[in-house]
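Here the sequence shown is numbered in the numbering used here, starting from 27 and rising by one per residue. Every residue, glycine too, gets a C-beta built ideally from N, C-alpha and C. Some notes on the structure that comes next.
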Amino acid sequence: MPTALTDKDIREIVFTYFENNCEKLRIIEEKTIDKCRCDFLVITPDSICGFEIKSDRDSYTRLARQVKAYDRFFDYNYCIVGESHKKGVFGKLPEYWGVIMVTNGGEVSLLRRPQSRKKSLLKKQLSFLWRSELANILRRGKLPKYIGKSKKFIIGRLMEKLDEKRLKEELCEELFERDYTLFDYEE
């Protein structure tokens, strides 16, 4: 019987797969969203995707809570599973979640494509940005600096003043350009 894949095994296989098959992306591991931990998220030029790993050794105990949290933050969501979860995972996830399976042999298979979240998540996603990154977007948008105002206030102004498509592109660009050696330095 083959050895069960661990979370670490799956990450290594999937990260290598993404690096070899995707043009521009940024992977961020272990990001706290609400009161859950996102295994990793992927930033592309126009979206932010959440990934939950259920290795062969994992259970579905926290999955319902994780799905709710992911749905509040990400444009697309995926559950990545080992072979032991190949059939059972579909009954545990909403139909709009994507499912990726990683085999013991290191193969990566897309079992179901995700669907875009219909409601706007931009306000929650903008909360990922640091004040300095929000200031960069304000400057490029030729908006006031709002010195002394809260992040929540600044995010509200950006949502009012810039169209959603441009704001999403600005958000993704800031996350691409961030110096991740300072990760979560400036919440």
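Between the alpha carbons of Thr42 and Val128 lies a distance of about 12 Å. Beta bridge pairing from DSSP links Met127 with Val107 and Ser135. With respect to the 9 Å criterion, Leu89 and Phe77 are not classified as neighbours on the basis of their beta carbons. Taking a 10 Å sphere around the C-beta of Gln141, we find fewer than 16 other C-beta atoms and assign the residue as exposed. Residue pairing for Leu67: DSSP places it in a beta bridge opposite Ile54 and Gly76.
In this model, Ala161 and Gly114 are separated by some 45 Å (Cα to Cα). Spanning the alpha carbons of Ser176 and Arg138 requires a straight line of approximately 40 Å. The closest CA to that of Ile106, considering only Asp65, Ser73 and Gly117, is found on Asp65.
Taking a cut-off of 8 Å on C-beta distances, the region 70-87 touches the region 95-110, as three or more cross pairs fall below it. Look at Cys48 here: in three-state DSSP terms it is coil, with no helix or strand label. Taking C-alpha positions only, Tyr172 is separated from Glu159 by approximately 13 Å. The residue among Glu199, Leu169, Glu203 and Phe202 with its C-alpha nearest the C-alpha of Leu188 is Leu169. Under DSSP, the beta-bridge partners assigned to Tyr102 are Cys75. The Cβ-Cβ distance between Phe99 and Lys178 does not fall below 9 Å.
Per DSSP, Gly174 is not a residue of any alpha helix (DSSP H), being assigned neither H nor E.
The Cβ neighbour count for Glu195, taken over all protein chains shown within 10 Å, is under 16; the residue is labelled exposed.
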